[in-house]
Structure formats: C-alpha cells, structure tokens
Amino acid sequence: MSSKNLFIYNSTKLFEILNEIKMHLNFEVSYIDKKDYQKIDFKDFKNYLVITTDSCEKINNCLMIDKLPEKITKLIEKINLNFLRNQFNNQSEIKVGKYLLDLNSRKINLGKIYLDLTEKECDLMLFIQTNKKVNLKTLQKNVWGYSSDLETHTVETHIYRLRKKMLETFKDDNFIKYDKKGYFLN
Numbered sequence: 018m019s020s021k022n023l024f025i026y027n028s029t030k031l032f033e034i035l036n037e038i039k040m041h042l043n044f045e046v047s048y049i050d051k052k053d054y055q056k057i058d059f060k061d062f063k064n065y066l067v068i069t070t071d072s073c074e075k076i077n078n079c080l081m082i083d084k085l086p087e088k089i090t091k092l093i094e095k096i097n098l099n100f101l102r103n104q105f106n107n108q109s110e111i112k113v114g115k116y117l118l119d120l121n122s123r124k125i126n127l128g129k130i131y132l133d134l135t136e137k138e139c140d141l142m143l144f145i146q147t148n149k150k151v152n153l154k155t156l157q158k159n160v161w162g163y164s165s166d167l168e169t170h171t172v173e174t175h176i177y178r179l180r181k182k183m184l185e186t187f188k189d190d191n192f193i194k195y196d197k198k199g200y201f202l203n
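Numbering (the working numbering), first residue to last: 18 to 203.
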C-alpha cells in the first residue's frame with residue numbers, strides 16, 4: 018500500500034480516468050462523496066490529498082481542478098507537487114513536550130503563542146529531546162562541534178537564553194532542567 022492517498026471528491030469522471038491508469042501512479046486513488054468525506058478520519062493518513070472539481074473551501078489538503086479537460090501529465094504533476102508539499106510540511110513539525118516545533122520556520126508554539134528560535138536553539142532542543150538526558154560535554158561535541166577539552170560557556174549561555182525566552186513567552190520556567198545525569202526537557 019502506498020503512503021500517499023488521493024481522494025477524488027464528487028468527480029466520478031476524474032476518478033474513472035485516474036483509476037484506469039492507477040498501476041502507473043505512485044499513490045492510491047479512492048472516490049469519496051460528501052457522506053464518505055465526513056466519515057473518514059484523515060489523521061489516519063500520513064500524506065493525503067483531496068482533489069475536486071467543486072469548491073474546496075471547507076476541505077483540508079484540497080486541490081481544486083477548475084479547468085477540465087486538462088492534460089493528464091499536467092494533472093499528475095500538480096498532484097505530485099501537492100504530495101511533496103504535504104510531506105515537507107508534515108516532516109517539519111515535531112512535538113517537543115507540550116510544544117510544537119516547526120523546523121522550517123524555526124518557531125515553537127503552544128496554541129496560538131509563537132516564539133522565534135535560532136538554528137542552534139532548534140538543534141539544542143532536538144538533541145536533548147532525542148537523547149533524553151545529555152551532559153555538557155556531549156552537547157558541546159554534538160551540537161556545537163567543540164572538543165570536550167575546550168573550556169567554554171557556550172552551551173550554558175544558550176540554555177540560559179533559551180530558558181529566559183521560554184519563561185518570557187510561555188511563562189514556563191521548567192522547560193530545560195538539569196540533574197546529575199545532564200540536561201533534559203520537562
């Protein structure tokens with residue numbers, strides 16, 4: 018089964034055309050009507066696209082085709098570009114504790130409150146989250162590329178500034194914690 022799912026919404030002709038050539042496509046093709054659309058839990062699909070010849074305003078991840086007939090190669094190109102865009106957007110957002118980190122825009126948010134981050138702050142958060150508890154020397158080596166013999170306060174300074182930003186923006190003074198095993202995200 019493909020990781021990409023194309024749902025043709027209320028367009029039987031378009032579905033028939035794409036279904037006829039589905040063995041040459043790199044995505045699954047399904048027909049849905051309004052009733053089917055309301056029943057489907059799209060969270061179950063990693064990368065999906067709804068394509069329609071009708072209005073798209075109340076449909077998520079929708080591509081409206083308003084000029085038919087269209088060259089099939091051009092249509093498939095549009096579909097594939099939308100799948101790529103969806104995949105890129107899906108891969109950019111990572112859950113960090115109770116926050117959502119967008120790697121593309123380098124922003125972290127909690128609900129509708131956003132905070133701009135530096136590239137190093139993103140790298141620092143991701144590394145700590147991936148490794149659970151991380152000591153100072155490991156952060157120096159893996160995030161900054163410093164030798165563990167080098168005496169520097171770069172890591173502590175970045176953590177201090179990140180904690181301060183998180184406190185000012187989200188009122189969170191427990192974001193990055195430290196114990197005898199190292200730094201960790203709370």
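We put the beta carbon where it would ideally sit given N, CA and C, even for glycine.
query	result
Please name the residue or residues paired with leucine 80 in a DSSP beta bridge.	Ile68
Counting beta carbon pairs with one atom in the stretch 131–144 and one in the stretch 165–181, are three or more of them shorter than 8 Å?	yes
Among Tyr116, Leu132, Val113, whose alpha-carbon lies nearest the alpha-carbon of arginine 123?	Leu132
Pick out whichever of Asn64, Tyr26, Leu66 has its Cα sitting closest to the Cα of lysine 52.	Tyr26
Measure the alpha-carbon distance for asparagine 22 versus valine 46 and round it to whole angstroms.	6 Å
Please classify threonine 69: is it buried, with 16 or more other beta-carbons within 10 angstroms of its beta-carbon, or exposed?	buried
Near leucine 65, what residues of its chain come up, given a Cβ to Cβ distance below 8 Å and the 5 sequence neighbours on each side ignored?	The residue you asked about is not leucine; residue 65 is tyrosine in the sequence shown. If we look at tyrosine 65 and ignore the five residues flanking it on each side, its Cβ neighbours are Lys21, Asn22, Leu23, Phe24, Phe59, Asn78, Asn103.
So, is leucine 184 buried or exposed, given that buried needs 16 or more other C-beta atoms within 10 angstroms?	exposed
Quick one: what's got a C-beta closer than 7 Å to valine 67's C-beta in the same chain, skipping five residues either side?	Phe24, Tyr26, Ile76, Asn78, Cys79
Rounded to whole angstroms, what is the Cα-Cα separation between leucine 127 and lysine 115?	7 Å
List the whole-angstrom C-beta distance separating phenylalanine 201 from isoleucine 111, where the pair is believed to meet the contact cut-off of C-beta under 8 Å.	Their Cβ separation, rounded to whole angstroms, is 16 Å, which puts phenylalanine 201 and isoleucine 111 out of contact at 8 Å.
Using the beta-carbon count (16 or more within 10 Å), is leucine 156 buried or exposed?	buried
Looking at the C-beta of aspartate 53, does it have a partner C-beta in chain B at a distance below 7 Å?	The structure shown has no chain B; it contains just one protein chain.
Could you pull out every unbroken alpha helix (DSSP H) segment of at least 4 residues lying fully inside the stretch 89–130, listed in chain order?	89–109
Going by beta carbon distance, what residues of the same chain come within less than 8 Å of asparagine 148, once the five residues before and after it are set aside?	Thr155
Expressed to the nearest angstrom, what Euclidean distance is found between the alpha-carbon atoms of lysine 84 and isoleucine 34?	15 Å
Hey, out of Ile82, Glu74, Lys56, whose CA is closest to serine 28's CA?	Ile82
Residue range of the beta strand (DSSP E) that lysine 194 falls in?	193–196
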